[in-house]
RNA sequence: GCCGCUGUAGCUCAGUCUGGUUAGAGCGCUUGACUGUGGAUCAAGAGGUCGGUGGUUCGAGUCCACCCAGCGGUACCA
């Protein structure tokens, strides 16, 4: 091919924020999903799946405009000119589903759902443009028992995934308490922009500390890189009051709304205590905000407490791995009818990322297939037959399908992580035998100095058996390496 | 979006400050020593638009400008 052709070829590359998923990761994720599913099932939730694509207007607030239809969400036009989008979470599709099937669903409706979601935004460490969420929601229950249960579910799930107690925490807050605070400091609830600015500032408490939040509530803040963030411009006295509130352990309530929120948290606390979920698992934290305009009552999030480092040993923060709360307005968007709902979402991709970084996630090493070497090309049928015999004995096996010689076939088997290979050349065929070579045992041979021991091990690692004993012999080798 | 850092072989990087013949290392890859036998050892080999474009210069991986990409922070985050 000429150079000109080369420049016309597409570059093999992956869009940013998106990743190929290797065999190992598929196995790890699959294992994780099964564990989560087991816990969710045990809580009585019922599975549901919905498509990756929804009508954009059903997804909510990110309606594509003419110029930038893909802000935040990936969107495209159907051939009937209607906007479609890739879902950006599993909650909006749930709301659509409930609204669409309201009559026939048992109320409260409790479902779990797992699947990829997409966000068209800048990726960061532990932040991707496609990631997997695992959600559980209860729709049609206004009792905070539903909320409390989700917090317990979050804690139970993390422990089931191997996060030791004490290395995570589920933090619980309540938007009503914050609303009470806003009321008491005279923040007009119509002034949403200031409202949001204050909420955002509070949300950053754990990251920026008290002084950072103070700056954001006041004139604004400059970060280490020199970027400047505009503040909420509150009076010093009001700032003190807000800071006093979010740093308090007491959750003091202000006003009628605040009192309502406090009562809800007290009720949740009672439920936690009754089921023996102590402060080492679930903790009240006034700075938990989440979702800004979205949540209407209790809000919760879980995070990993152990410090997480990147490849270079630099500390990185991946944020919360589970988040949720009560949203009483979502279904109403469709039906006009108020339907109370509460849910949590586990960031599976992020959690897996975090657990892997912590090294606390043990991936079960998976073994490659037994490889039947092809030495005499004209006897492929024989090799295929041996392979089938192994498969029928429930042994993962394959015949070498490449074109290369024996050495390359051995390398191939090695790379595949094969426990052993089956060898039958002309000599063995004449004797009606096959050779079994144990690659795992064989790998230990090079380190043996003592000649006698070496020979002994080598005889163990590779041996001949009658053709009829093939399956039996392979089984014996496999059993050597069972964990 | 804003700020900062980094772009040299498949990977990790040296070389850039102080411009000068064919641009290096380790790992990986291919082949061979090796008997029909992976992993060890030794040897050979393949592999590079030095992120891109323009400029300065007799001469640019090296200096300058702009652009692009990646990473990190920050903003936004249902």
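Numbering (our numbering), first residue to last: 1 to 483. Backbone N, C-alpha and C define an ideal beta-carbon position, used for all residues, glycine too.
Three-state secondary structure assigned by DSSP to residue i
i           : result
residue 101 : coil
residue 378 : helix
residue 112 : strand
residue 165 : coil
residue 74  : coil
residue 216 : helix
residue 69  : Reliability fails at residue 69, whose pLDDT of 47 lies under 50, so the model's placement of it is uncertain and the value that follows must be treated cautiously. In the structure shown, residue 69 sits in coil (DSSP, three-state: anything other than H, G, I, E or B).
residue 309 : strand
residue 482 : coil
residue 228 : strand
residue 130 : strand
residue 341 : strand
residue 284 : strand
residue 47  : strand
residue 221 : strand
residue 26  : helix
residue 325 : strand
Own chain partners of residue i with C-beta closer than 6 Å, once the 5 adjacent residues on each side are dropped
i           : result
residue 229 : 220, 221
residue 202 : 246, 287, 289
residue 233 : none
residue 89  : 117
residue 67  : With a pLDDT of 43 at residue 67, under the threshold of 50, the modelled position of this residue cannot be trusted, and the question is left open.
One or two residues paired with residue i in a DSSP bridge
i           : result
residue 464 : 435
residue 298 : 174
residue 452 : BP columns for residue 452 are empty, so no partner.
residue 55  : 84
residue 157 : Answer is none; residue 157 lacks a bridge partner.
residue 398 : 371
Cβ neighbours of residue i in the same chain (closer than 7 Å, five flanking residues each side left out)
i           : result
residue 76  : 84
residue 166 : 280
residue 439 : 413, 414, 418, 419, 420, 421
residue 318 : 125, 126, 308, 350, 353, 354
Contact set for residue i: own chain, Cβ-Cβ below 8 Å, skip 5 residues either direction
i           : result
residue 482 : none
residue 521 : Residue 521 lies beyond the range of the chain shown here (1 to 483); nothing can be said about it.
residue 409 : 371, 373, 374, 400, 402, 421
Neighbour-count burial assignment, residue i, 16 or more Cβ in a 10 Å radius
i           : result
residue 149 : buried
residue 93  : buried
residue 516 : Outside the shown range of the chain, which is 1 to 483, sits residue 516, and nothing can be said about it.
residue 322 : buried
residue 210 : exposed
residue 236 : exposed
residue 3   : Because residue 3 carries a pLDDT of 38, less than 50, the predicted location of this residue cannot be relied on, and the following value inherits that uncertainty. Counting Cβ neighbours within 10 Å, residue 3 comes out exposed, since fewer than 16 surround it.
residue 343 : buried
Specify whether the stretch 333-351 and the stretch 88-102 touch according to this definition: at least 3 beta carbon pairs, one from each stretch, less than 8 Å apart.
yes
Is it true that the stretch 273-291 meets the stretch 127-143, where meeting means three or more beta-carbon pairs spaced less than 8 Å apart?
no
Within 8 Å, do at least three Cβ pairs link the stretch 241-260 to the stretch 154-164?
no
Closer than 8 Å is the cut-off here; do at least three beta carbon pairs connect the stretch 291-306 with the stretch 33-51?
no
Can you confirm whether the stretch 440-454 touches the stretch 465-476 when touching is taken to mean that 3 or more C-beta pairs between the two stretches lie within less than 8 Å?
no
Three Cβ pairs or more, each shorter than 8 Å: is that satisfied between the stretch 126-142 and the stretch 342-355?
yes
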